[in-house]
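Residue numbers (this note's numbering), protein chains in the order written: chain A, 1 to 114; chain B, 115 to 228.
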């Protein structure tokens, strides 16, 4: 079975400083992993995905994530936070299951201070 | 943006009444999903469909039923709404149903059951 744990429910950074959102996963198969972002009162938008190609994945808006199998982690980073990055972020795993079902983490709310 | 609409966008209803939420897509994608989003739980899968008239249960299916009579429409029904079903409901679509699945989300429906 697959599961995802986001290690922080809330992260606060200052504008222009780095962002780190942490995610650990558990999967009995080689997983696909995703990060989605949800801005207030909006739907979810895909930031990036890992599907067993390059372990360093680049996404939209300057975000990237690194797949580390030995640590079962898929942390999301950005070198310099912008006010528009304030949102909720979800780490998601998709295992070797029929129907393409996704398992979501609990979410991390990112606040960006001016 | 993927062509996904949800209706209604907001609904307030009373305990014991039936409620139907509609998801409509213009992408001709085979897979469609219903999730609910609650604080601290991320998104949890209610039901999904892998084709017309083909549906299956997700993680939190009790109290919900679904129907898909056309490729473009996926209906979620609460036969007798309860206060525990107060939530934000998201529809998602995908072109494939394997582990490499990338889902696109609708704008959500906020349901309040009094």
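Quick reminder that beta carbons are idealized off the backbone N, C-alpha and C, glycines included.
Considering only DSSP beta bridges, list what residue 36 of chain A is partnered with.
DSSP, once it has assigned bridges, lists A:46 and A:90 as partnering residue 36 of chain A.
In this structure, does DSSP put residue 120 of chain B in helix, strand or coil?
Of the three classes helix, strand and coil, the one that applies to residue 120 of chain B here is strand, per DSSP.
Are the C-beta of residue 46 of chain A and some C-beta of chain B separated by less than 8 angstroms?
Closer than 8 angstroms to some Cβ of chain B, the Cβ of residue 46 of chain A qualifies, so yes.
With a cut-off of 8 angstroms, does the C-beta of residue 43 of chain A fall near any C-beta of chain B?
So, interface residue.
I want to see whether chain B comes within less than 8 angstroms of residue 68 of chain A, judged by CB atoms only; does it?
Closer than 8 angstroms: no.
So the beta strand (DSSP E) residue 22 of chain A belongs to, where does it begin and stop?
Segment: none, residue 22 of chain A is in no beta strand (DSSP E) and carries neither H nor E.
Which partner residues does residue 218 of chain B have in the DSSP bridge list?
Residue 218 of chain B pairs with B:207.
Return the Cβ separation of residue 55 of chain A and residue 64 of chain A in integer angstroms, given the expectation that the two are a contact with Cβ distance under 8 angstroms.
Not really, about 11 angstroms apart at Cβ, beyond 8 angstroms.
For a quick check, are the C-beta atoms of residue 47 of chain A and residue 35 of chain A less than 8 angstroms apart?
The answer is yes: Cβ separation under 8 angstroms.
Which residues, taken in chain order from the segment 150 to 169 of chain B, show a beta carbon closer than 8 angstroms to some beta carbon of chain A?
Listed by position, the residues of the segment 150 to 169 of chain B near chain A (Cβ gap below 8 angstroms) are 154, 155, 156, 157, 158, 159, 162 and 164.
According to a CB-to-CB cut-off of less than 9 angstroms, which residues of the segment 139 to 150 of chain B neighbour chain A?
So the list reads 145, 147 and 149, given in the order they occur along the chain.
Assuming residue 12 of chain A and residue 111 of chain A form a contact by the criterion Cβ under 8 angstroms, report the distance between their Cβ atoms to the nearest whole angstrom.
Residue 12 of chain A to residue 111 of chain A, Cβ: 4 angstroms. Contact.
Tell me where the beta strand (DSSP E) around residue 104 of chain B begins and ends.
Outside the shown range of chain B, which is 115 to 228, sits residue 104 of chain B, and nothing can be said about it.
I'd like the list of long-range same chain contacts for residue 216 of chain B, defined as Cβ closer than 6 angstroms, with 5 residues on each side in sequence excluded.
Around residue 216 of chain B: no qualifying Cβ.
Where do the N-terminal and C-terminal ends of the beta strand (DSSP E) with residue 188 of chain B fall, by residue?
Its beta strand (DSSP E) spans residues 187 to 192.
Determine, using beta carbons only, whether residue 172 of chain B comes closer than 8 angstroms to chain A.
Chain A contact via Cβ: present.
If you measure from the beta carbon of residue 204 of chain B to each beta carbon in chain A, is any gap under 8 angstroms?
Closer than 8 angstroms to some Cβ of chain A, the Cβ of residue 204 of chain B qualifies, so yes.
Exposed or buried, what is residue 69 of chain A when buried is set at 16 or more other beta-carbons lying within 10 Å of its beta-carbon?
Under this definition residue 69 of chain A is an exposed residue.
What distance in whole Å lies between the Cβ atoms of residue 89 of chain A and residue 72 of chain A, which are believed to be in contact at a cut-off of 8 angstroms?
No, residue 72 of chain A and residue 89 of chain A are not in contact; Cβ-Cβ is about 18 angstroms, not under 8 angstroms.
Beta-carbon separation of residue 24 of chain A and residue 5 of chain A under 8 angstroms?
The answer is yes: Cβ separation under 8 angstroms.
On the criterion of 16 or more Cβ atoms from any shown chain inside 10 Å, does residue 207 of chain B qualify as buried, or is it exposed?
Buried, since its Cβ has 16 or more Cβ neighbours within 10 Å.
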